[in-house]
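Down below is the structure, laid out as structure tokens.
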Amino acid sequence: MNRKDVPGLAGSVCLGALAGFALLTMVVIGRDGAPLFMDSGLHTWSDSHRPTVALAVARGLTATGTGVWPYALVVLAGVIAGRTARQRVIAAAMGLGCLLAGQGLRYGVLHLVARPRPPEQDWATHASGWSFPSGHTSTSAITALLLIIAVLLRSPRGRRTTAVVIGCWAVAVGLTRVYLGVHWFTDVLGGWLYALAWVGLVVGVGTRWWERREERGRRVPVPVQGAGRQGPGAVGRTSGGPGSGVVRAGTGHAGRPRRFVGGLRLGGERVL
């Protein structure tokens, strides 16, 4: 996929997910937080199918959707995405900013909708706060999407398989919230839609910003006074005669070639 297509694709994903999330949110509010389609059936099934091993696995998996794990994985995504140490630091910082800002916005929606959780006697793990959208689900989904983007950008082999594994992890974390009885299925669905909309918005806006930054960073050849002179002291020759200012190449005082690629370089150091 061409990098120029990324903003449009991210924008389409954002708009589609946002429309679905907004519709689901309105339905939840309109029903005063009552269980919706599939909610009661999945909750009842989960409550009656909890063998010891499955319960332990679900608790361990759901723990990876909160705490330090998502933030560590987002930093890993930044390390994968960057080519240099500076790029890796910037990418990791941007990823953490995306996750933290997404968390803050989710808390606002959480308190605005104020949907109660399923009955507490059915819980198989600790939970607190309102129910919609699911925090573990949205956090793990945002983290997984950032990791998938980084892997698709940089991983030379097996990137599709790795991306699928990461996506399955995020889906599994969301489903454990239903299995453990602390969320309705539509809470989890809302978390997935919210994460898609948020990451789509951030990637779309971020890509546009980066493209404009690169355009501003491109340098044009600069006029050099006396560029038509020849000899050891000449900085360069001009293709259009003296005074044209179109610099090609030349030699310095020590006879070393000086290159003009992407801007003015003096003694091998870029100064413009």
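According to this note's numbering, the stretch in the sequence shown is residues 416 to 687, in order.
Beta carbons: idealized from backbone N, C-alpha and C, even for Gly.
Check, Outcome
"Using 8 Å as the threshold, is the segment 597-605 in touch with the segment 438-452, meaning 3 or more CB pairs across them?", "yes"
"Return the Cβ separation of L406 and V489 in integer angstroms, given the expectation that the two are a contact with Cβ distance under 8 Å.", "The first residue shown for the chain is 416 and the last is 687, placing residue 406 beyond what the model contains."
"Can you say whether R663 is buried or exposed, counting buried as having 16 or more other CB atoms within 10 angstroms of its CB?", "Note that R663 scores a pLDDT of 48, beneath 50, so its modelled location is shaky; the value from the coordinates is reported in the next line. Classification of R663: exposed, given that the 10 Å Cβ count is below 16."
"Once the 5 residues before and after G582 are set aside, which same chain residues still bring their CB inside 7 Å of it?", "A559, I563"
"When you compare only the Cα positions, how much space is there between L430 and G448?", "25 Å"
"Since I believe V620 is in contact with I557 (beta carbons under 8 Å), could you give me their beta-carbon distance rounded to a whole number of angstroms?", "About 15 Å; that fails the 8 Å criterion."
"Thinking just about the alpha-carbon of each residue, which of A542, S549, P533 is nearest to the one in G456?", "P533"
"Roughly how many angstroms separate the alpha carbons of S549 and R631, rounded to a whole number?", "41 Å"
"Taking only three categories from DSSP, how would you classify F600?", "helix"
"Please determine, among W607, V566, V593, the residue with the shortest C-alpha to C-alpha distance to A434.", "W607"
"In terms of residue numbering, what span does the alpha helix (DSSP H) encompassing Q536 cover?", "First-last for Q536: undefined, no H or E at that position."
"I need the DSSP call for G448, collapsed to helix, strand or coil.", "coil"
"Using C-beta distances below 7 Å, list every residue in its chain close to M453, excluding the 5 sequence neighbours before and after it, in chain order.", "F600"
"Report the option in G423, Y522, Q536, F547 whose CA atom is closest to the CA atom of D462.", "Q536"
"Is any heavy atom of the ligand ZN found at a distance shorter than 7 Å from the C-beta of W545?", "Looking at this structure, you won't find the ligand ZN or any other ligand, since it has none at all."
"Where R697 and A471 are concerned, what is the direct C-alpha to C-alpha distance, given to the nearest angstrom?", "This structure gives no information on residue 697, because the portion of the chain shown stretches from 416 to 687."
"Apart from the five residues on each side of it in sequence, which residues of its chain come closer than 7 Å, Cβ to Cβ, to F436?", "G605, L608, Y609, A612"
"Identify which residue in V580, A506, S555 has its Cα closest to the Cα of T622.", "A506"
"Report back the beta-carbon spacing between T554 and T481 to the nearest angstrom; my notes put them in contact at under 8 Å.", "6 Å"
"Quick one: give me the first and last residue of the alpha helix (DSSP H) that R501 is part of.", "500-528"
"I need the straight-line Cα distance from L561 to G510, nearest angstrom please.", "7 Å"
"Compare the Cα-Cα distances from R465 to each of V617, V593, V586 and report the closest residue.", "V593"
"Using the beta-carbon count (16 or more within 10 Å), is W584 buried or exposed?", "buried"
"Using C-beta distances below 6 Å, list every residue in its chain close to G517, excluding the 5 sequence neighbours before and after it, in chain order.", "I557, W613"
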